[in-house]
């Protein structure tokens with residue numbers, strides 16, 4: 001049986017990787033309190049002890065706005081940590097998986113970005129994730145980099161849970177309508193990840209649910225599907241200033257998965273409906 005080591009197994013994505021793949025493969029879960037990926041010696045020891053076939057690096061600094069003032073912290077986790085994990089995996093002959101982001105693009109395009117599109121991050125977060133990609137490639141030739149976008153699931157901090165919370169606290173929701181991206185369900189990412197691992201995929205791939213939406217459209221569907229009685233008002237980015245610049249248009253195209261005929265990702269609307277239906281009680285308690 002294939003052996004996986006999941007680093008950052010207590011995060012939003014990591015917890016779903018462990019939960020969904022444990023019935024299929026031998027999964028060792030390493031939570032963030034147990035393994036600090038910025039410590040090279042500790043990472044080396046953990047991976048040599050586990051001797052996995054694949055190391056799935058779900059540990060990341062994802063506080064987009066805070067990264068603007070915590071640049072060193074973001075760099076240590078997203079770049080140095082990524083290098084430590086990839087190097088340690090390489091030493092034991094394991095493939096390494098690194099998750100990146102749509103924020104590596106500048107958002108000035110008008111068509112979905114494929115894997116060959118020029119990058120140009122606008123924020124410290126986006127810059128460190130792009131550097132993490134580069135560090136992973138350099139440290140371990142046997143790598144799989146998946147760029148994700150607008151990720152949500154039944155656990156952790158995400159847009160779906162935020163909308164549910166605000167819908168009970170506010171008389172109306174004011175949501176940005178001039179940023180467009182690819183809402184993506186964690187469970188669909190895990191299923192595509194496993195397909196890619198089984199097929200031996202290597203390199204950089206985009207991994208998002210099909211279609212596109214603004215944050216306003218995303219919020220509107222959440223509210224509508226759950227029958228929440230709160231208006232969703234469209235606003236502009238300038239009306240909601242934030243420390244980090246976001247790409248205006250960061251829709252991703254899963255071109256490489258499609259070319260290699262490894263199955264498509266379902267529309268984001270269907271994935272969201274599935275999440276809301278199956279995790280209704282959990283999400284409402286958020």
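Residue numbers (our numbering): 1 to 286.
Glycine is no exception: its CB is placed at the ideal position from the N, C-alpha and C atoms.
Pair within 8 Å by beta-carbon distance, residue i and residue j
{"i": "residue 58", "j": "residue 8", "result": "yes"}
{"i": "residue 249", "j": "residue 109", "result": "yes"}
{"i": "residue 149", "j": "residue 195", "result": "no"}
{"i": "residue 13", "j": "residue 27", "result": "no"}
{"i": "residue 105", "j": "residue 247", "result": "yes"}
{"i": "residue 219", "j": "residue 173", "result": "yes"}
{"i": "residue 186", "j": "residue 152", "result": "yes"}
{"i": "residue 279", "j": "residue 154", "result": "yes"}
{"i": "residue 251", "j": "residue 23", "result": "no"}
{"i": "residue 213", "j": "residue 180", "result": "yes"}
{"i": "residue 167", "j": "residue 223", "result": "yes"}
{"i": "residue 171", "j": "residue 266", "result": "no"}
{"i": "residue 147", "j": "residue 100", "result": "yes"}
{"i": "residue 42", "j": "residue 33", "result": "no"}
{"i": "residue 128", "j": "residue 75", "result": "yes"}
{"i": "residue 235", "j": "residue 175", "result": "yes"}
{"i": "residue 139", "j": "residue 86", "result": "yes"}
{"i": "residue 56", "j": "residue 25", "result": "no"}
{"i": "residue 39", "j": "residue 156", "result": "no"}
DSSP three-state assignment for residue i, whether helix, strand or coil
{"i": "residue 239", "result": "helix"}
{"i": "residue 205", "result": "strand"}
{"i": "residue 13", "result": "helix"}
{"i": "residue 101", "result": "strand"}
{"i": "residue 213", "result": "strand"}
{"i": "residue 196", "result": "helix"}
{"i": "residue 259", "result": "helix"}
{"i": "residue 234", "result": "strand"}
{"i": "residue 221", "result": "helix"}
{"i": "residue 279", "result": "coil"}
{"i": "residue 51", "result": "coil"}
{"i": "residue 248", "result": "coil"}
{"i": "residue 31", "result": "coil"}
{"i": "residue 181", "result": "strand"}
{"i": "residue 95", "result": "strand"}
{"i": "residue 113", "result": "strand"}
{"i": "residue 65", "result": "coil"}
{"i": "residue 188", "result": "helix"}
{"i": "residue 273", "result": "helix"}
{"i": "residue 130", "result": "helix"}
For residue i, the first and last residue of its enclosing alpha helix (DSSP H)
{"i": "residue 168", "result": "159-169"}
{"i": "residue 85", "result": "82-91"}
{"i": "residue 71", "result": "71-75"}
Endpoints, beta strand (DSSP E) assigned at residue i
{"i": "residue 173", "result": "173-176"}
{"i": "residue 142", "result": "Premise fails: residue 142 is in no beta strand (DSSP E) and is neither H nor E."}
{"i": "residue 57", "result": "54-57"}
{"i": "residue 22", "result": "From DSSP, residue 22 is part of no beta strand (DSSP E); its letter is neither H nor E."}
{"i": "residue 4", "result": "3-7"}
The stretch 65-83 touching the stretch 121-134, judged by at least three CB pairs closer than 8 Å: Contact holds: three or more Cβ-Cβ distances are below 8 Å.
Cβ contact (3+ pairs, closer than 8 Å) linking the stretch 134-143 and the stretch 94-112: Remark: three or more beta-carbon pairs, one from each stretch, lie closer than 8 Å, so the stretch 134-143 and the stretch 94-112 are flagged as touching.
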